[in-house]
Amino acid sequence: MRRITALCLATVVAVSVAACGGDDDRSAGQNNDSNGGDEQVLVVPVQSAPQSLNPNWQDDVGSYYVSGNIFSTLVILDWGVAEGTTAYGDLAESWEASEDGTTYTFTLRDGVTWHDGEAFSSADVLYTYQTVMDNDYPGAEVFAGATLSAPDESTFVVSFPEPNVSFIPLLAQVSNWYLKVLPQHIYDGEDWATSAANENPVGTGPFVFDSSGAQQATLTANPDHYLGEPEVDRLVLRVVPDASVANEAFNAGEYPYLPSQYVTSYEDIRRRLDTESGTRVIETPSTYGRDVIFNMTVEPFDDVDVRRAIAYAIDRAQISELAFRNLWEPAYTAGSPYVPTYLNEDATFPEYDPGEAERLLDEAGYPRGDNGTRFTMRFTNATQEDSRLIAEVLVEQLKAVGIDVQWETYDQATWSERVKAGGDWVTSTYFTRYGPDPEAYCEHFQTDANRNFGGYSNRQVDQACDDARQTTDETIRTAAYDLIQEQVVTDLPYINLFGQLRFSLADDAWQCLPVDECGFDQSLGWFGFRSVIPPGE
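Heads up: the sequence shown runs through residues -18 to -1, 1 to 519, numbered per mature numbering (1 follows the signal peptide of the UniProt record, and there is no 0).
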């Protein structure tokens, strides 16, 4: 069975457990229900433990799952396409934008309480976001230039000096990682990085903090959550860094759900799709693409003809066959086929033509030497498994046109440091984000933008980004993003290869996981499990 849904990064292992005794360190399969009833326990493997249980003062991947279930946000977004790219309210019941796109007024939900019983109000929202802005904490860029106010207990207002039509979708997406609303009555006057309150976090989310250690964190259902108590009674977030361990356990029937970051064998996915195995394969298109980026400040990649030659040397169909068993469709536009809004289908990259690649390299002054090699280039890949698989095939395709490749691999921290602007890198696989708003183009291609690692600069692109950012006129925005796509397929600061696909495996007994359609607009984010329906419920 194959299902296509919106993409979510949640990693879930779920178990329904019968009544039996247990202590605070009980493992999956145990129960501590004094009334003898069944307790539904959801065990979620996460790749690292949180460094802090306050998610807002640093970018801490290990805290995403804990904070995503304890804390709430103003608005939130499920990761992916279709329904998954639409922002919806969490603590905000509704919001209105002024006609000129400069002011956003949020009406907050009534009757929301913190886990300690204190009432939630707009003062908490104002305190949280103002502190983020004042300290330049992660996510502060979403509020750049804004003035914040809370005119009454149920109203929160964000005002910008210029139109900012991308504010809501970007706020919703970034809120998956940080920008969680914190309780002012607990944190006021505290240093977020060192506060003792971080050891026992209090939120308004669907689960309440119970305990945390090096191996796992345990949360319990919040009976007073504004959407109702979750069907899952207990959520255990367990550190499982090894993908092979997770795969073996799923195949042995231990886990009814295998999340996408553990599903790395496309051979196995193809086999499951071609057979009726009793496991549903959930295919989740993403707002991200997979591509190659260049450091345009170093030779020979400061020469557009060399970059164009590499574009002609890339055979996407072969990469799809060898790396992804033809499960990924090649992409030739400067965007994702899964995010058609604002996609300029007339702006395309060169298609595979090794003869043209060789001709361009000859004319650029890089003929084959006596050993058949034109030059040697350093190449690395982003640390995602799909990027590594792409690189493995791509290296051989470049060698076929006379480019010798030194393929270097790094851990995530080293790779991130090297590909920053001015870093020690030459070319790399990467991912470009095309949603939830096309403003994302500008973070990759505008001069000095935070993801413009290769030193690309084009005045027309810069102006188009400014034009699109400062208007609510969809005609002007479409024209601006069309121009950006036309320029990047001409200048080739990057070469798009694929729209990203992820695959999850699940047992039909567990429903409404964040990657399921019935989890859309209910999970409360990429890492939320409020919507999950256990077996028998």
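Ideal placement from N, C-alpha and C gives every residue a C-beta, glycine not left out.
* **Own chain partners of S49 with C-beta closer than 6 Å, once the 5 adjacent residues on each side are dropped** => Here residue 49 is taken as the residue at index 67 of the sequence shown, counted from 1. Only P37, K162 meet the Cβ criterion.
* Which term fits N117, buried or exposed, when burial requires 16 or more other beta carbons within 10 angstroms of its beta carbon? -> Reading the sequence shown from its first residue, position 135 is the one you call residue 117. Exposed: under 16 other Cβ atoms inside 10 Å.
* **Pairwise C-alpha distance: D134 and A364** => What you label residue 364 is simply residue 382 of the sequence shown in a count that begins at 1. What you label residue 134 is simply residue 152 of the sequence shown in a count that begins at 1. Their Cα atoms are separated by approximately 47 Å.
* To do: Express the C-alpha separation of V147 and G83 in angstroms, rounding to a whole number.
  => Translated into the one-based positions of the sequence shown, residue 83 becomes position 101. Translated into the one-based positions of the sequence shown, residue 147 becomes position 165. Rounded to whole angstroms, G83 to V147 spans 6 Å at the Cα level.
* W389 versus F283: straight-line alpha-carbon distance, rounded -> Taking the first residue of the sequence shown as 1, we reach residue 389 at position 407. Taking the first residue of the sequence shown as 1, we reach residue 283 at position 301. W389 and F283 have their C-alpha atoms spaced approximately 17 Å apart.
* To do: List the DSSP bridge partners of residue 522.
  => As shown, the chain starts at -18 and ends at 519. That puts residue 522 outside it, with no answer to give.
* Asked: For S247, which residues from the same chain have a beta carbon less than 8 Å from its beta carbon, with the 5 sequence-adjacent residues on both sides left out?
  -> Position 265 of the sequence shown, counted from the first residue, corresponds to residue 247. The beta carbon of S247 sits closer than 8 Å to those of N229, all from its chain and outside the five residues before and after it, given in chain order.
* Asked: Which two residues bound the contiguous alpha helix (DSSP H) that contains W310?
  -> Along the sequence shown, read from residue 1 onward, the residue named residue 310 stands at position 328. No alpha helix (DSSP H) contains W310, which DSSP labels as neither H nor E.
* Outcome for D368 when other beta-carbon atoms lying within 10 angstroms are tallied against a minimum of 16 -> Within the sequence shown, numbered from 1, the residue matching residue 368 stands at position 386. With 16 or more other Cβ atoms within 10 Å, it is buried.
* Going by alpha carbons, who is nearest to M278 out of Y438, I251, F306? -> Locating residue 278 in the sequence shown gives position 296, where the first residue counts as 1. Nearest to M278 by C-alpha distance, out of Y438, I251, F306, is Y438.
* Drop a sphere of 10 angstroms on the beta-carbon of P516, count the other beta-carbons inside from all chains shown, and report buried for 16 or more, exposed for fewer. => Along the sequence shown, one-based indexing puts residue 516 at 534. That one is buried.
* To do: Below 6 Å CB to CB, which residues in the same chain sit around D386 once its five sequence neighbours on both sides are set aside?
  => Sequence index remark: in the sequence shown, residue 386 carries index 404 (1-based). Around D386, the same chain offers T355, T358 as residues with beta carbons nearer than 6 Å, after the five sequence neighbours per side are excluded.
* Asked: Just reading off the beta strand (DSSP E) that I385 is part of, what are its end residues?
  -> Here the question's residue 385 lines up with position 403 in the sequence shown. Per DSSP, I385 belongs to the beta strand (DSSP E) from 385 to 390.
* Asked: Which two residues bound the contiguous alpha helix (DSSP H) that contains P151?
  -> Against the sequence shown, residue 151 aligns to sequence position 169. Unbroken alpha helix (DSSP H) run through P151: 149 to 156.
* Considering only the beta carbon of each residue, do F331 and N478 sit closer than 8 Å? -> Looking up residue 331 in the sequence shown gives position 349. Looking up residue 478 in the sequence shown gives position 496. Their beta carbons are under 8 Å apart, which means F331 touches N478 by this criterion.
* Assuming D42 and S34 make a contact with CB atoms under 8 Å, what is their CB distance in whole Å? -> Position 60 of the sequence shown, counting from 1, holds the residue named residue 42. Position 52 of the sequence shown, counting from 1, holds the residue named residue 34. Between S34 and D42 the Cβ distance is about 6 Å, and since that is below 8 Å, they are a contact.
* Buried versus exposed call for D173 [16 or more other C-beta atoms within 10 Å across all chains shown] -> As a position in the sequence shown, residue 173 is number 191, starting the count at 1. Counting of Cβ neighbours within 10 angstroms places D173 among the exposed residues, the total staying below 16.
* Reducing DSSP to helix, strand and coil, say where S45 ends up. => Sequence index remark: in the sequence shown, residue 45 carries index 63 (1-based). Helix at S45.
* Can you give me the start and stop residues for the beta strand (DSSP E) that S136 sits inside? => Reading the sequence shown from its first residue, position 154 is the one you call residue 136. Premise fails: S136 is in no beta strand (DSSP E) and is neither H nor E.
* To do: Out of Q366, L255, D393, L304, state which residue places its alpha-carbon closest to the alpha-carbon of A488.
  => Here residue 488 refers to the residue found at position 506 of the sequence shown. For A488, the nearest C-alpha among the options comes from L255.
* With a 10 Å radius around its C-beta and 16 neighbouring C-beta atoms as the bar for buried, classify T110 as buried or exposed. => Indexing the sequence shown from 1 puts residue 110 at position 128. T110 is classed as buried because its beta carbon has at least 16 other beta carbons within 10 Å across all chains shown.
* With distances taken from CA atoms, which of D206, T453, E468, E303 is nearest F149? -> Along the sequence shown, one-based indexing puts residue 149 at 167. With distances taken between Cα atoms, F149 lies closest to T453.
* Asked: Are three or more beta carbon pairs between the region 206 to 214 and the region 19 to 26 nearer than 8 Å?
  -> Contact check between the region 206 to 214 and the region 19 to 26: three or more CB pairs, one atom from each, fall below 8 Å, which counts as touching.
* Residue range of the unbroken beta strand (DSSP E) whose run includes A34 -> In the sequence shown, residue 34 corresponds to position 52, counting from 1. Sequence check: residue 34 is Ser here, not Ala. Premise fails: S34 is in no beta strand (DSSP E) and is neither H nor E.
* Beta-bridge pairing of V218 - partner residues as DSSP gives them -> For the purposes of this step, residue 218 is taken as residue 236 along the sequence shown, with counting starting at 1. Residue pairing by DSSP puts V218 in a beta bridge opposite V25, T200.
* Asked: Does DSSP put P267 in a helix, a strand or coil?
  -> Residue 267 sits at position 285 when you count from the first residue of the sequence shown. Strand, per DSSP.
* Asked: Should the region 412 to 422 be regarded as contacting the region 152 to 166, the criterion being three or more beta carbon pairs within less than 8 Å?
  -> Counting Cβ pairs under 8 Å, three or more are found: they touch.
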